[in-house]
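In the working numbering, the protein residues as written are 128 to 472.
Every residue, glycine too, gets a C-beta built ideally from N, C-alpha and C.
Below: one structure, written as C-alpha cells.
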Amino acid sequence: MINQRLFDHYGIDTTKDLKIANICPRPYDTVLIDKRGSCYACECHSWLPQSIGNLQLKSLNEIIGSNMHQHLQGSVTDGTYRFCNEHQCSYIRSDRVLHVQRKGIQHLRLAIDDSCNLRCPSCRKNMIFHKQGPSFNLGVKLADKINDWLHGFDHPLQVHIGSDGDPFASHVYRHFMKNTPVKGNIKYSILTNGLMFKDFHYQVPHIIDNLQELGVSIDGASQKTYEKLRLGGKWEKVNENLEHMAELKIKRGFRFILHFVVQKDNYHEMEKIIDMGEQYGADRVWLNRIQDWGTMDDFNSQDIWQLEDFKRHLNSVISRIHQRNDRFIECPTLISEGARRKNKN
Ligand code: SF4
Ligand code: SF4
C-alpha cells in the first residue's frame with residue numbers, strides 16, 4: 128500500500144500526470160538500500176520515497192519484482208510519473224528523463240551506513256560514525272545479506288558504494304568491500320570524499336580491479352573554501368589523494384569524476400574546479416545545485432540565483448561547455464534552475 132504520508136512530506140502530488148513520453152529506466156534497473164534496510168526503486172529515496180520492501184524482513188529476490196515494485200514501474204510506464212518527486216529529481220527538473228534500454232536490475236546502490244570522517248554543513252550537523260552498537264550491527268547484517276545475494280546473481284551489475292557516508296571511512300562499507308564476492312559480472316562505482324583513498328584502497332584490490340567509476344565530492348577549489356565546506360578535511364591531503372587517483376586511473380582505466388555542490392560559499396570557484404578536473408585528468412566534472420537536506424539552519428541564504436556575480440560565473444561555465452563540446456562539464460540542474468528563475472521573473 129502506498130504510504131501517502133511520505134508523499135505529503137515531500138510535497139509530491141500523487142494524482143498528477145506529467146505526460147512524459149520516455150520511460151525512466153530507474154524503477155526497472157535500480158535498487159537503492161538504505162541504512163534501515165528499506166529498498167527503493169530509484170537513485171535517491173527522496174525522489175521516489177515509497178519503499179518496495181525491507182531487507183530485514185525479506186530477501187532481495189522477494190523484493191525485486193514485488194507488487195509494489197511493479198506498481199511503481201507502472202507509474203512511469205504510463206507517463207504520469209505520479210509518485211516521482213518533480214521538485215527534486217534532477218532528470219525531471221532538467222527535462223532529461225532517460226528512456227528504458229533493458230529491463231532487469233543493473234544498479235545496486237548502497238546507502239547502508241552514513242558514517243563519515245567529515246561533517247560537511249550541507250550534509251549533517253554533527254559527526255556521524257558507527258564503529259559499534261545497533262546501527263553498526265544492522266549495517267553489517269545488511270552488508271552480509273547483500274553479499275549473499277551477490278554470490279547468486281549472475282547478470283551484469285554495478286554496485287554503487289557511498290550514497291550517504293564515506294566508503295573508506297565507514298567500517299560497515301569496509302566490511303562489505305572486504306567480503307564482497309569476486310565475480311566478473313559485478314563491477315563497482317564509488318563516491319568518496321577522497322581523503323582515505325590512498326591509504327585504504329590497497330586493502331580491497333578486487334574492488335579496485337573491478338572499479339568502473341570513482342567519484343570524488345569536493346566542494347571547494349581552494350584551501351580556504353574546501354576546508355570551510357568539507358569540515359574536517361585537509362586541502363593538502365585531498366590533493367595528494369587526487370594525484371594518486373589520477374595515476375591509478377591511467378593504469379586501471381576507471382572513469383574519474385569530480386562532484387561539486389554549488390552553494391553561496393563556493394560558486395566563485397566553479398571555473399576553478401573545472402581547471403582542477405583538467406589538471407587531474409578527470410573524465411567529467413559535475414556541478415550540482417545544493418539541495419535542502421534539513422541540516423542547515425539558514426538554507427534560504429543559499430539562494431544565489433539573483434546575484435549578478437553568480438550569473439557571471441555560470442555564464443562563464445556555460446561558455447566553457449560550448450568551447451569544449453564534449454560533456455566534460457555537466458551542470459543540468461544549474462542551467463534548468465537558471466532558466467526557471469528567468470521565466471518566473
Ligand atoms: S523520473 Fe526521477 S524520480 Fe522518477 S523514477 Fe526516474 S529518476 Fe526516479
Ligand atoms: S564527505 Fe560527503 S558524506 Fe561525508 S559529511 Fe561531507 S557530504 Fe556528507
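Taking DSSP's pairing of strands, which residues face residue i in a bridge?
i      : result
Gly408 : Partner(s): none; Gly408 has no beta bridge.
Asp477 : Since the displayed the chain opens at 128 and closes at 472, residue 477 lies outside it and no answer follows.
Cys166 : Ile160, Gly180
Gly342 : Leu318, Ile384
His333 : Answer by DSSP bridge pairing: none, since His333 is not bridged.
Gln285 : His234, Lys314
Glu457 : Trp413
Val389 : Arg416
In three-state terms, what does DSSP make of residue i?
i      : result
Leu184 : coil
Val299 : helix
His226 : coil
Glu213 : coil
Phe327 : helix
Ile190 : helix
Val309 : coil
Trp432 : coil
Arg132 : helix
Arg416 : strand
Ile448 : helix
Lys438 : helix
Ala348 : coil
Leu245 : coil
Ile150 : coil
Met423 : coil
Asn551 : The chain is shown from 128 up to 472; residue 551 falls before or after that span and cannot be answered.
Gln197 : helix
Which residue's Cα is closest to the Cα of residue i: the options?
i      : options                        : result
Ile417 : Leu385, Met304, Leu461         : Leu461
Lys258 : Asn244, Lys471, Leu133         : Asn244
Ile401 : Ile448, Met372, Glu370         : Ile448
Thr422 : Ser242, Cys171, Pro248, Asn212 : Pro248
Gly138 : Val224, Tyr329, Arg209, Asp205 : Arg209
Asp144 : Pro176, Tyr407, Val203         : Val203
Arg454 : Ala409, Phe426, Lys469, Ser428 : Ala409
Gln215 : Lys314, Gln197, Trp174         : Trp174
Ser242 : Tyr218, Gly231, Val267, Phe387 : Val267
Gly342 : Gly311, Lys376, Lys399         : Lys376
Gln433 : Asn366, Glu396, Arg468         : Arg468
His172 : Gly192, Lys146, Leu199, Ile147 : Leu199
His328 : Lys399, Asn306, Lys310, Arg301 : Arg301
Phe280 : Lys305, Phe134, Asp326, Ile191 : Ile191
Trp420 : Thr142, Ser193, Arg251         : Arg251
Among residues of its own chain, excluding the 5 on either side of residue i, which ones have a beta-carbon nearer than 7 Å to its beta-carbon?
i      : result
Asn84  : The structure shown does not extend to residue 84, since the chain is modelled only from 128 through 472, so no value can be given for it.
Gln233 : Asp156, Pro283, Leu284, Gln285
Asp392 : Thr352, Lys355, Leu356
Phe263 : His257, His298, Val299
Ser178 : Ser165, Cys166, Tyr167
Asn130 : Gln177
Ser443 : Glu398
Excluding the five sequence neighbours on either side, which residues of its own chain have a C-beta within less than 8 Å of the C-beta of residue i, listed in chain order?
i      : result
Leu187 : Val158, Cys166, Lys272, Ile273, Trp276
Arg379 : Ile335, Asp336, Leu338
Asp222 : Ser463
Glu189 : Gly180
Please look up how many angstroms separate the CB atoms of residue i and residue j, rounded, as I've assumed it's under 8 Å.
i      : j      : result
Phe303 : Leu338 : Not a contact, Cβ separation roughly 15 Å.
Ala238 : His196 : Not quite, the Cβ-Cβ distance comes to about 18 Å (not below 8 Å), so this is no contact.
Glu374 : Arg411 : Not confirmed; about 18 Å, so no contact.
Whose C-beta lies closer than 6 Å to the C-beta of residue i among residues of the same chain, with five residues either side of it excluded?
i      : result
Phe437 : Tyr394, Ile431
Val227 : Ile150, Pro152, Tyr155
Asn181 : Gly164, Ser165
Met403 : Ala348
Gly321 : Val343, Val365, Asn368
Arg236 : Leu159, His287, Ser290
Tyr218 : Val224
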